[in-house]
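Heads up: the structure comes next, in structure tokens.
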Amino acid sequence: MLERGLNGGESIGRGFLVAMLLATALVLSACDRPEKIDPLAGGGGLKGQWNSSDKVFYADFLDGQFVSRDANSGVILATGEYLVMSASDVRLNWTSRVTGQNNRADCNRSDAITMTCTDQQGKTFTLRKQA
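Quick note, the sequence shown lines up with residues 1266 to 1396 if you use our numbering.
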């Protein structure tokens, strides 16, 4: 694998070096990007409309993004993204269109149609997937 360099020192073969650099880049790219997927978490994907249990708002989830709207007027309340942490755990990150503040919630899917979330202030809310 080693070959004699032009200056009399030893250098690593070019093919080996290129292969090592590509392998390193592949490993690092996998580490840097969190998955934003529509998972089979809790037995079904997140894609679709989710209604708050108090019927105040609903959220449309698609491809790692979501938009929440007032249930009566349809006015956008927040926009954000979701990140799948495991088969049952999902993290929501959003910006309120009302206050301009950012927030985050950690959610647990007990089944395919129920997601219970707790935001940074400790407020708990439940979302149910519309059939």
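Don't be surprised by glycine CBs; every beta carbon is placed ideally from N, CA and C.
The C-beta distance from G1313 to K1388 rounds to 24 Å, too long to meet the 8 Å contact threshold. Rounded to whole angstroms, the separation of the alpha carbons of N1337 and R1374 is 26 Å.
A direct Cα-Cα distance of roughly 26 Å separates I1378 from N1367. Along the length of the region 1329 to 1388, whole beta strand (DSSP E) runs at least 3 residues long occupy 1330 to 1335, 1341 to 1349, 1354 to 1361, 1367 to 1376 and 1379 to 1384, reported in chain order. Nearest to D1371 by C-alpha distance, out of F1326, D1384 and S1361, is D1384. Burial state of A1324 is buried, judged by a 10 Å Cβ sphere holding 16 or more other Cβ atoms. Assigned with DSSP and collapsed to three states, K1394 falls in strand.
Within 10 angstroms of the beta-carbon of S1333 lie 16 or more other beta-carbons, which makes it buried.
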